[in-house]
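Start counting the sequence shown at 4; every next residue gets the next number (my numbering).
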Amino acid sequence: MKRYLKIITLGTLAIASQSAWAQQNFDSVEIEVLPVRDGIYMLVGEGGNITVQTGPDGVLLVDTQYAELGEKILAKITELSPIPIRYIVNTHSHPDHVGGNAVLAPRGSTITGGNVARLQEDAGEGAQVIAFESVLNNMVAEDYPVESWPSETFFVDRKDMYFNGEGIEVLHQPNAHTDGDVIVWFRKSDVVSTGDVFTTTMYPFIDQSKGGSINGVIAALNTILDITIPRAKQEGGTLVIPGHGRLADEADVVEYRDMVTIIRDRIKSLRDGGMSLEEVKAAAPTRDYDSRYGRTEGFWTTEMFIEAVYDGVQAN
Ligand SMILES: [Zn+2]
4 MKRYLKIITL GTLAIASQSA WAQQNFDSVE IEVLPVRDGI YMLVGEGGNI
54 TVQTGPDGVL LVDTQYAELG EKILAKITEL SPIPIRYIVN THSHPDHVGG
104 NAVLAPRGST ITGGNVARLQ EDAGEGAQVI AFESVLNNMV AEDYPVESWP
154 SETFFVDRKD MYFNGEGIEV LHQPNAHTDG DVIVWFRKSD VVSTGDVFTT
204 TMYPFIDQSK GGSINGVIAA LNTILDITIP RAKQEGGTLV IPGHGRLADE
254 ADVVEYRDMV TIIRDRIKSL RDGGMSLEEV KAAAPTRDYD SRYGRTEGFW
304 TTEMFIEAVY DGVQAN
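Given below as structure tokens:
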């Protein structure tokens, strides 16, 4: 319950401008390290989950939480690998996922090999920060510090990389949680980092102010399911690191995709039948899922979710 409340509190800040949460106190936050598979770790603190891939080539991160946690995060990463951070992939532009770039990117190095001293700003030119191009646009518009900006952007559906002995695919998911979402697939380790198109904690947050849409979220969840493979009759198989919440597998994503699709279809059929937004809300199309995913307060309430879905299913 404590964690649940923390997520709501910080989530509120996550959609405010990034300066609005700058005075928050992160002193009591501890960064927990969860081994996932084959040199891949999940870091949980405050804000979005971080994926750390380690190996002979160095460190690759997916997302960086908040700037205020950057030193604590770097200390944990240094325990996992003596080699610098070479790449940071950002899943989207919300401050609970990209804020830490400002601390972590300058301390990394794009120079290959293990002989580059860590924690020296002159050790290299900083880590390369990779994101879909709209993430850079959003971060520039919202006055993020220059050192946190993506240094390599792309606008195609799929960017591939090879790092630490494995192929990594960065897959753009158009107009889902935002306009710049990517999921990151570690092909050899069989791990997927989803960003906020999948969480285990709440109804999908559809940030319409940044181009998010219900149909984009469902398409992204289906893309995750295209990649994941279950292990027969038990937990495991492809491991899924969600934007927020606990480590998951294909069955968790199936359950979530089904929930979101059922609610979308219910709201569409009510809207197609002529119901106003208020009538749809009164019909409680999410009722059977609210005990698990519903919120009556915070930055993303059940009511806001219904409104965003209602907007998104408009016949055209
Ligand atoms: Zn987000």
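Where a beta carbon is used, it is the ideal one built from N, C-alpha and C, also for glycine.
Could you tell me the distance, in whole angstroms, from the CA atom of residue i to the CA atom of residue j?
{"i": "PHE302", "j": "ILE209", "result": "11 Å"}
{"i": "THR299", "j": "THR305", "result": "6 Å"}
{"i": "GLU282", "j": "ILE221", "result": "24 Å"}
{"i": "ALA321", "j": "PRO38", "result": "The shown model of the chain, from 4 to 319, leaves out residue 321, and the question about it has no answer."}
{"i": "PHE29", "j": "LEU72", "result": "7 Å"}
{"i": "ASP163", "j": "VAL92", "result": "12 Å"}
{"i": "LYS79", "j": "ILE34", "result": "7 Å"}
{"i": "GLN68", "j": "ALA105", "result": "10 Å"}
{"i": "ARG274", "j": "ASP193", "result": "40 Å"}
{"i": "ILE232", "j": "THR156", "result": "30 Å"}
{"i": "ILE230", "j": "VAL256", "result": "11 Å"}
{"i": "GLU82", "j": "GLY183", "result": "31 Å"}
{"i": "LEU228", "j": "HIS175", "result": "15 Å"}
{"i": "GLU49", "j": "GLY103", "result": "11 Å"}
{"i": "GLN317", "j": "LYS271", "result": "8 Å"}
{"i": "VAL187", "j": "ALA134", "result": "11 Å"}
{"i": "SER294", "j": "GLY219", "result": "25 Å"}
{"i": "LYS284", "j": "GLY240", "result": "38 Å"}
{"i": "THR289", "j": "VAL195", "result": "28 Å"}
{"i": "ARG234", "j": "ALA251", "result": "13 Å"}
Quick check on this structure: which residue in the options has the alpha carbon closest to the alpha carbon of residue i?
{"i": "PHE166", "options": "PRO245, ASP275, ALA105 and PRO59", "result": "PRO59"}
{"i": "ASP291", "options": "ARG234, SER272 and ILE265", "result": "ILE265"}
{"i": "LEU343", "options": "MET262, PRO233, LEU250 and LYS213", "result": "The structure shown has nothing for residue 343, since the chain only spans 4 to 319."}
{"i": "ASP199", "options": "LYS191, ILE217 and ARG190", "result": "ILE217"}
{"i": "VAL138", "options": "THR57, SER294 and LYS213", "result": "LYS213"}
{"i": "HIS247", "options": "SER96, PHE201, VAL143 and SER272", "result": "PHE201"}
{"i": "ASP41", "options": "ASN52, GLU145, GLU169 and PRO85", "result": "GLU169"}
{"i": "PRO207", "options": "PHE308, PRO85, TYR313 and ASP184", "result": "PHE308"}
{"i": "VAL62", "options": "GLY50, GLY240 and ILE76", "result": "ILE76"}
{"i": "VAL243", "options": "ALA287, ILE53, PRO85 and GLU136", "result": "ILE53"}
{"i": "SER96", "options": "LYS284, LEU174 and ALA144", "result": "ALA144"}
{"i": "ARG161", "options": "MET205, ASP66 and GLU172", "result": "GLU172"}
{"i": "PRO85", "options": "ARG110, ASP66 and HIS100", "result": "ARG110"}
{"i": "TRP152", "options": "THR181, ILE186, ALA286 and HIS100", "result": "HIS100"}
{"i": "ARG249", "options": "GLY297, THR289 and THR197", "result": "THR197"}
{"i": "VAL149", "options": "VAL132, GLU253 and LEU64", "result": "VAL132"}
Between which two residues does the beta strand (DSSP E) containing residue i stretch?
{"i": "HIS175", "result": "169-175"}
{"i": "ALA189", "result": "Checking the sequence shown, residue 189 turns out to be Phe, not Ala. Start and end: 185-189."}
{"i": "LEU242", "result": "242-244"}
Comparing the C-beta of residue i with each C-beta of chain C, is any distance below 8 Å?
{"i": "GLY111", "result": "Within the model displayed, chain C is absent; a lone protein chain is all it includes."}
Using DSSP bridges, identify the partner residues of residue i.
{"i": "PHE157", "result": "PHE135"}
{"i": "LYS162", "result": "VAL173"}
{"i": "ALA251", "result": "VAL243"}
{"i": "ILE91", "result": "LEU64 and VAL132"}
For residue i, report the span of its alpha helix (DSSP H) as first-last.
{"i": "VAL2", "result": "A query on residue 2 cannot be resolved here, the shown segment of the chain reaching from 4 to 319 and no further."}
{"i": "GLY111", "result": "Run containing GLY111: none; DSSP gives neither H nor E here."}
{"i": "GLU306", "result": "305-315"}
{"i": "SER96", "result": "Counting along the chain, SER96 falls outside any alpha helix (DSSP H), and DSSP gives it neither H nor E."}
{"i": "ASP293", "result": "293-296"}
Shorter than 7 Å, the distance from the beta carbon of residue i to the closest heavy atom of ligand 2, or not?
{"i": "HIS100", "result": "Among the ligands modelled here, namely ligand 1, ligand 2 does not occur."}
Any chance you could list the beta strand (DSSP E) runs of at least 3 consecutive residues sitting entirely within the region 192-218, in chain order?
-> 194-196
Starting from the N-terminal side, write out each stretch of the alpha helix (DSSP H) that is 4 residues or longer and does not extend beyond the region 24-87.
-> 73-83
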